[in-house]
Amino acid sequence: MLIMMRLFKSDEVATFLANREPSKALIEVIVNMIPDREFYYPEIEAEQLSAYREDINELIVTARSLKSAYSGMNANHLQKEYHDELKQLVTRKRKLLIFGILMQSDSSRRDILYRIIKSYRLQKRVLALKEVFRE
23 MLIMMRLFKS
33 DEVATFLANR
43 EPSKALIEVI
53 VNMIPDREFY
63 YPEIEAEQLS
73 AYREDINELI
83 VTARSLKSAY
93 SGMNANHLQK
103 EYHDELKQLV
113 TRKRKLLIFG
123 ILMQSDSSRR
133 DILYRIIKSY
143 RLQKRVLALK
153 EVFRE
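Under the working numbering, the first residue of the sequence shown carries the number 23, and numbering increases by one thereafter.
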């Protein structure tokens, strides 16, 4: 029964995509549903982001051992910078993915969107967009 429901959802998603033009707006909405963490690698392992993590950990350990508010504030500031860097990375990679999808033919766009929806289990969320993206 569960397998049938999964197939049914997949068929609904395929129909949803087949009946609509894979417009830039639809592509952006689906790409924005992909979790941020999927865009981190391999850059998160790079020297700059690794250095941020090491500095943050060092400041947190120092703040805890010395009970220094100053070190804690520095750690908070560094964490904010680190998260801002990650947001910029994700935004840049999302834009590249959207651009890459837009460069494809309509049938390729549908195939790519279908694979994204299946890979990240976005079926329910995409089907909730039926009213937004009418045929």
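Beta carbons are placed, not taken as given, at the ideal position from N, Cα and C, and that holds for glycine.
All values reported here derive from a predicted model rather than from experimental measurement.
Checklist entry - How is Glu-76 classed by DSSP in three states: helix, strand or coil? => result helix
Checklist entry - Between which two residues does the alpha helix (DSSP H) harbouring Glu-50 extend? => result 46-55
Next on the checklist: Since Pro-128 and Pro-44 should fall inside the 8 Å C-beta cutoff, what is the C-beta to C-beta distance between them, to a whole number of angstroms?
Outcome noted: Pro is not the amino acid found at residue 128; the sequence shown has Asp there. Right, the Cβ-Cβ distance comes to about 6 Å (below 8 Å), so this counts as a contact.
Item to check | Alpha-carbon to alpha-carbon, Ser-87 and Phe-155 | outcome: 55 Å
Checklist entry - Exposed or buried, Leu-48, counting other C-beta atoms within 10 Å across all chains shown (16 or more means buried)? => result buried
Checklist entry - Helix or strand or just coil, what does DSSP make of Gln-70? => result helix
Next on the checklist: I need the straight-line Cα distance from Tyr-104 to Leu-144, nearest angstrom please.
Outcome noted: 28 Å
Checklist entry - Just how far apart, CA to CA, sit Ile-134 and Ala-40? => result 12 Å
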